[in-house]
Every structure is written in C-alpha cells, then in structure tokens.
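Novice: Take a look at the following structure, please.
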Amino acid sequence: MNKSIIAAVVIAAFALPGVALAQTKSTPRIDQRQEKQDQRIEQGVKSGALTKKEAARLEKGQDRVQKMEDKAMADGKMTRKEKARIEHAQDVESKRIARQKHDKQKAK
Numbered sequence: 111m112n113k114s115i116i117a118a119v120v121i122a123a124f125a126l127p128g129v130a131l132a133q134t135k136s137t138p139r140i141d142q143r144q145e146k147q148d149q150r151i152e153q154g155v156k157s158g159a160l161t162k163k164e165a166a167r168l169e170k171g172q173d174r175v176q177k178m179e180d181k182a183m184a185d186g187k188m189t190r191k192e193k194a195r196i197e198h199a200q201d202v203e204s205k206r207i208a209r210q211k212h213d214k215q216k217a218k
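Residue numbers 111 to 218, in our numbering, belong to the letters of the sequence shown in order.
This is the structure:
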C-alpha cells in the first residue's frame, strides 16, 4: 500500500508540470503582433490621427481577435487552421488601423 501511494505521488509530481506547461500560451508571434497593434492605436490617439470613436472601434476589433485566440487556446493547443484564421483577422485589423490613422478625420 505504501508503495502504491509513493508511486501515485511520484506520478502526480511529474504530471502536474506537464499539464501546467500545456496550458500556457504558446502563441508568442500572435501575442507580439496584438501588442504592436495596440501600440499603433495608442500612438494614433496621442498624435491626433485617431478620434476617440475610431480608437474605440479599433480596440473592439482587437478584442475580437483576442477572443478568437483565447477560444483557440482553450484546449491547450492551437491548430494550423485556427492560427491561420487568427492571423487573417490580425491582417484585417492591421489594415483597418492603417486606414483609420490616415483618413481625413482628426481628433480635436
């Protein structure tokens, strides 16, 4: 009985770090791009290139992409199809940021 308890403890000790590691975010490229796009929005607000309304809409788009990533990572890993879908959504949001920053609307 003692051997089975010790064996269970040893197995649990080795299994827990593996489970924790599997649940960590392993999407550094997506995360870095999200952060960079958030910075672009902030910079646009500071420079006056984006109105508050435009910035709010762009941030909503960034939130949608983040939700897509969270949903994809819910099972602990991201498939190629999920990654491609998220990267496409990031491309769309990046173009929206550029378009809004360079339109004729300026913050007052």
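Built from N, CA and C at the ideal position, the CB exists for glycine as well.
Whole angstroms is fine: what's the gap from residue 167's alpha carbon to residue 173's?
Specialist: Distance between the alpha carbons of residue 167 and residue 173 is about 10 Å.
Novice: Would residue 158 and residue 208 be called neighbours here (beta carbons separated by less than 8 Å)?
Specialist: No, the Cβ-Cβ distance between residue 158 and residue 208 is not below 8 Å.
Novice: Does the distance from the C-beta atom of residue 210 to that of residue 175 stay below 8 Å?
Specialist: Contact flag unset, no.
Novice: Pull up the distance between the alpha-carbon of residue 164 and that of residue 186, whole angstroms please.
Specialist: Going from the Cα of residue 164 to the Cα of residue 186 covers about 34 Å.
Novice: Note down the Cα distance separating residue 191 from residue 145, rounded to an integer number of angstroms.
Specialist: Spanning the two alpha carbons is a distance of roughly 22 Å.
Novice: Smallest Cα separation from residue 139: which of 160, 188, 181 and 169?
Specialist: Nearest C-alpha to residue 139: 188.
Novice: Going by DSSP, what residue range makes up the alpha helix (DSSP H) through residue 212?
Specialist: Note, residue 212: premise wrong, no alpha helix (DSSP H); not H, not E.
Novice: Quick check: what's the CA-CA separation for residue 205 versus residue 184?
Specialist: The straight-line gap from Cα to Cα measures roughly 27 Å.
Novice: Kindly list the residues whose CB is nearer than 6 Å to the CB of residue 143, restricted to its own chain and excluding five residues on each side of it in sequence; keep chain order.
Specialist: Taken in chain order, the residues that qualify are 200.
Novice: Can you give the Cα-Cα distance for residue 148 and residue 121, rounded to whole angstroms?
Specialist: If you take the alpha carbons of residue 148 and residue 121, they lie about 43 Å apart.
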